[in-house]
Structure formats: C-alpha cells, structure tokens
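The opening residue of the sequence shown carries number 22 in my numbering; numbering runs sequentially from there. For glycine and all other residues, C-beta sits at the position ideal for the given N, C-alpha and C. Source: prediction; values computed, not measured. For reference, the structure discussed in these notes is given below.
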Amino acid sequence: MSTIVSKCSGDKSGLDVYDWSTENGGNINQWEYWGGDGQKFILEPVKAEEKKIIGDVNADGQFSVLDIVMMQRFLLNQRDLMDSAAGDLCEDGVINAFDLAIMKRLLPA
Ligand SMILES: [Ca+2]
C-alpha cells in the first residue's frame with residue numbers, strides 16, 4: 022500500500038477518500054495524513070503490452086527500416102499500417118510525410 026502526499030502541504034497531507042466512500046464517484050480530496058484506510062492506495066505498473074514503440078508501424082515490437090518501408094508504402098496508398106497510432110510521430114492526428122521524415126531521423130545509423 023502507498024500513500025500519495027502533496028508537496029504543497031509540506032508532505033503533511035495527501036489523497037484521502039472522503040468519508041471512506043465505497044460508492045462509484047466517491048470523492049477524493051486532500052486531508053492531513055493520519056494513516057487511515059482512505060489514504061492507502063495500490064499503485065500498479067503499466068502493462069508492457071500497453072506501451073507503444075514510437076514508429077513501430079508494422080507492430081513487430083521494434084523500430085527498424087522495415088517500419089520506414091511500410092510507412093513509405095502507406096503514403097503511396099499501397100498498403101495500410103499495422104499500427105497507425107505508432108506512425109503519428111508529430112502527434113497531430115494526421116499521418117503524412119512529416120511523420121516519415123521524423124522516422125528517418127530517428128532510425129539508428
Ligand atoms: Ca517495427
């Protein structure tokens with residue numbers, strides 16, 4: 022179990038489930054730390070499969086020249102990307118030549 026304290030309180034207060042609510046939508050607010058169950062949280066790491074590899078448009082788990090080839094063919098309307106989210110390197114919601122340019126720059130020599 023972990024406690025999340027706020028720096029602005031000088032580490033004296035932290036997250037606290039108001040009135041030990043067990044209801045959906047129960048409030049969490051800041052309260053002076055006293056070690057109650059409403060101030061204890063379970064922190065879980067992000068699962069590995071949820072982590073995206075930037076530029077891995079063929080979804081093989083690594084970024085390589087094969088991803089650049091797939092991206093070039095996608096931009097020529099010759100095929101789809103296996104993972105289009107990994108191809109939006111500019112993070113502007115559009116996959117275009119600017120994303121390809123970044124991919125080429127990121128590729129290890
Ligand atoms: Ca790949």
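query: Determine which residues share a DSSP beta bridge with R34 and list them.; result: The residue asked about is misnamed: residue 34 is Ser in this sequence, not Arg. Its beta-bridge partners are E53.
query: Can you give me the C-alpha to C-alpha distance between G76 and D120, rounded to a whole angstrom?; result: 9 Å
query: Does ligand 1 have even one heavy atom less than 6 Å from the beta-carbon of Q93?; result: no
query: Which residue from C111, W52, D113 puts its Cα closest to that of G31?; result: W52
query: Report yes or no: do three or more beta-carbon pairs, one from the stretch 43–62 and one from the stretch 85–104, lie closer than 8 Å?; result: no
query: How long is the line joining the alpha carbons of K125 and K73, rounded to whole angstroms?; result: 18 Å
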